[in-house]
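>
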Amino acid sequence: MKLVIVGTGYVGLISGLCFAEFGFETVCVDKDEKRIATLEKGECPFFEPGLADLLTKHIKNTKLLSVSTSLTNAMTNASVVFITVDTPSKRLEDDADLTAVYKVAEEIANNIKNYCVVVTKSTVPVGTTREVNKIIASKVDQSIFDTVSNPEFLREGSAIDDFMRPDRVVIGVDSKKAEKIMRELYRPLYLLETPIVATTIESSEIIKYASNSFLATKVAFINQVADLCESAGGNVQDVANAMGLDKRIGSKFLHAGPGFGGSCFPKDVKAFAITAKKLNVDFSIIDSVDTSNEQRPYKIVNKILKHFDNNLKDKTIAILGLSFKPNTDDVRNSTSISIADLLNKKGAIVKCFDPQAMQNAKKLLPKIIYCDSVYNACQDVHAIVIATEWNEFRALDFDNLKKQMKSAIIFDLRNIYNKEELLNLQFEYYGIGK
Ligand code: NAD
Numbered sequence: 001m002k003l004v005i006v007g008t009g010y011v012g013l014i015s016g017l018c019f020a021e022f023g024f025e026t027v028c029v030d031k032d033e034k035r036i037a038t039l040e041k042g043e044c045p046f047f048e049p050g051l052a053d054l055l056t057k058h059i060k061n062t063k064l065l066s067v068s069t070s071l072t073n074a075m076t077n078a079s080v081v082f083i084t085v086d087t088p089s090k091r092l093e094d095d096a097d098l099t100a101v102y103k104v105a106e107e108i109a110n111n112i113k114n115y116c117v118v119v120t121k122s123t124v125p126v127g128t129t130r131e132v133n134k135i136i137a138s139k140v141d142q143s144i145f146d147t148v149s150n151p152e153f154l155r156e157g158s159a160i161d162d163f164m165r166p167d168r169v170v171i172g173v174d175s176k177k178a179e180k181i182m183r184e185l186y187r188p189l190y191l192l193e194t195p196i197v198a199t200t201i202e203s204s205e206i207i208k209y210a211s212n213s214f215l216a217t218k219v220a221f222i223n224q225v226a227d228l229c230e231s232a233g234g235n236v237q238d239v240a241n242a243m244g245l246d247k248r249i250g251s252k253f254l255h256a257g258p259g260f261g262g263s264c265f266p267k268d269v270k271a272f273a274i275t276a277k278k279l280n281v282d283f284s285i286i287d288s289v290d291t292s293n294e295q296r297p298y299k300i301v302n303k304i305l306k307h308f309d310n311n312l313k314d315k316t317i318a319i320l321g322l323s324f325k326p327n328t329d330d331v332r333n334s335t336s337i338s339i340a341d342l343l344n345k346k347g348a349i350v351k352c353f354d355p356q357a358m359q360n361a362k363k364l365l366p367k368i369i370y371c372d373s374v375y376n377a378c379q380d381v382h383a384i385v386i387a388t389e390w391n392e393f394r395a396l397d398f399d400n401l402k403k404q405m406k407s408a409i410i411f412d413l414r415n416i417y418n419k420e421e422l423l424n425l426q427f428e429y430y431g432i433g434k
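Quick note: the sequence shown uses the numbering used here, first residue 1, plus one each step.
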């Protein structure tokens, strides 16, 4: 069975490589010529743990994965075509921008010769896969294709492991023939006892948004509990730990911090809320999750401002971590970037270090100072802000740091340090919710 994946971003490339790992001949297509040239050389277009080895294995050795800018060539004899292009928020609205998805659907329609299954793996609002079907059916007979929704749940930073060992695979399908093909594709996971949830196309599309929005809700909830702890004298880590021990609640996504960011949660929460609005459904819970998360970076910056008596002129601040989470170079909607930008706009000189994301950050924030190590970033600063919890930042040499800082102040936005220990080292310490 030959597979085609359109879009070689975090989802498309990882899916393509993992399907190659299952033994399928896979062609990854992208319109970005530079990216395809990078991949042809066996080089990684972005940072993701394990990606380099899998690329070498399947592009150079097994040759099960090939890459191309031509969908026409790639689609010859293909049985399944995945759409894994980006679905960002629209420029001036919160709705998902489906331009790329519909463009690919048209291109697929122009190239279908034999029966194939067209799969939307991009995160798309309910109704999109039916629209993709309509676009293709306007050009080719419905008897030679079916459309399926198969949302992806991998997380950047552990994407390969997540794809190879998912909690579930969701397949939204209304054709028995297409369902059989999809089950065949995921057979290696079924053999590992991964639940395969076959459902309607609509439910499948909603499952993805409902899952992301639920996780985002947990984060927004614990962040507001953190605010309460700060006002009432509690410790949000103790509260979250005890809450998480209740199996009905679970401990995941109960870490208070600077708010959720990244290329998925913020845009998916907004798009889910817009879907509800269009359908005249009350989604006040999701609306307030979005609003409270948008306010989060401002709250953090206000806390920093308050410490410095609302005056950051002549103050230098080190930001450690720019990616939206550790183990990725992705800075899309990163709260660290928002905080660095706000501090800079309030007059602070901002120095920063990130193990992987500085190149991407420079495109968004050209005005801040990029340093080649934690210790260079912290030289002569008035405060350190730990914005992303990379392992590199978990065992800092505070005795040394204190000697090179102008004042020993730390804003630990990920609660990775113990307040008492930092106080003993003569630091002024601000965590979240404690
Ligand atoms: P991305 O921005 O990293 O990659 C998208 C790729 O699609 C780019 O390389 C782009 O050049 C290519 N592309 C766009 N239009 C094209 C076209 N017409 N023809 C060929 N290629 C085209 O995106 P991503 O982060 O991989 O996300 C893709 C989708 O998967 C989104 O809907 C996202 O919400 C969803 N998703 C992402 C993640 C994640 O962690 N990144 C996880 C689950 C689901």
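For every residue, glycine included, the Cβ atom is placed at its ideal position computed from N, Cα and C.
Is the Cβ-Cβ distance between Val118 and Thr99 less than 8 Å?
No, they are not a contact pair.
> Is any heavy atom of the ligand NAD found at a distance shorter than 7 Å from the C-beta of Glu152?
Result yes, Cβ under 7 Å from the ligand NAD.
> Hey, would you say Arg155 sits closer than 8 Å to Pro195, going by beta carbons?
No, Cβ-Cβ distance for Arg155 and Pro195 is not below 8 Å.
> Are the beta-carbon atoms belonging to Thr69 and Val29 less than 8 Å from one another?
Contact: yes.
> Please determine whether the Cβ atom of Gly12 lies at a distance below 7 Å from any heavy atom of the ligand NAP.
This structure simply doesn't include the ligand NAP; it includes the ligand NAD instead.
> Should Gly50 be listed as close to the ligand NAD, given that the test is whether its C-beta is under 7 Å from any heavy atom?
It does not: the Cβ of Gly50 is nowhere closer than 7 Å to a heavy atom of the ligand NAD.
> Confirm the yes/no value for this check: CB of Asp141, any heavy atom of the ligand NAD, distance under 7 Å.
For the ligand NAD, not one heavy atom lies less than 7 Å from the Cβ of Asp141.
> Count the CB pairs spanning the region 182-199 and the region 239-246 that are closer than 8 Å, and state whether there are at least three.
With a cut-off of 8 Å, the region 239-246 and the region 182-199 do not count as touching, because too few Cβ pairs lie within range.
> For the alpha helix (DSSP H) that contains Leu413, what are its first and last residues?
It is not in any alpha helix (DSSP H) - Leu413 carries neither H nor E in the DSSP assignment.
> Between the region 345-359 and the region 319-333, do at least 3 Cβ pairs fall closer than 8 Å?
Yes, the region 345-359 is in contact with the region 319-333.
> I'd like to confirm the pairing. Which residues does DSSP put opposite Val27 in its beta bridges?
BP columns for Val27 point to Val4, Ser66.
> Just checking my contact of Ala220 with Ser334 at CB under 8 Å: how many whole Å lie between their CB atoms?
Not confirmed; about 17 Å, so no contact.
> For Asp32, which option in Leu245, Phe145, Pro45 has the closest C-alpha, if you only look at C-alpha atoms?
Out of Leu245, Phe145, Pro45, Pro45 has the C-alpha closest to the C-alpha of Asp32.
> Three or more C-beta pairs closer than 8 Å, one from the region 297-317 and one from the region 357-367: is that the case here?
These segments do not touch.
> Using the rule of at least 16 other Cβ atoms within 10 Å of the residue's Cβ for burial, across every protein chain shown, is Arg248 buried or exposed?
Looking at its Cβ environment, which holds fewer than 16 other Cβ atoms inside 10 Å, Arg248 is exposed.
> Less than 8 Å between the C-beta atoms of Thr128 and Gly172, yes or no?
No.
> Since Lys34 and Thr84 should fall inside the 8 Å C-beta cutoff, what is the C-beta to C-beta distance between them, to a whole number of angstroms?
The pair is not a contact, with the Cβ atoms about 18 Å apart (cut-off 8 Å).
> Check whether the Cβ of Gly9 sits closer than 7 Å to any heavy atom of the ligand NAD, and report yes or no.
Flag set: Cβ of Gly9 near the ligand NAD.
> Does DSSP put Ala387 in a helix, a strand or coil?
Three-state DSSP puts Ala387 in coil, outside helix and strand.
> Whole angstroms is fine: what's the gap from Leu279's alpha carbon to Pro125's?
Answer to the nearest angstrom: the Cα atoms are 12 Å apart.
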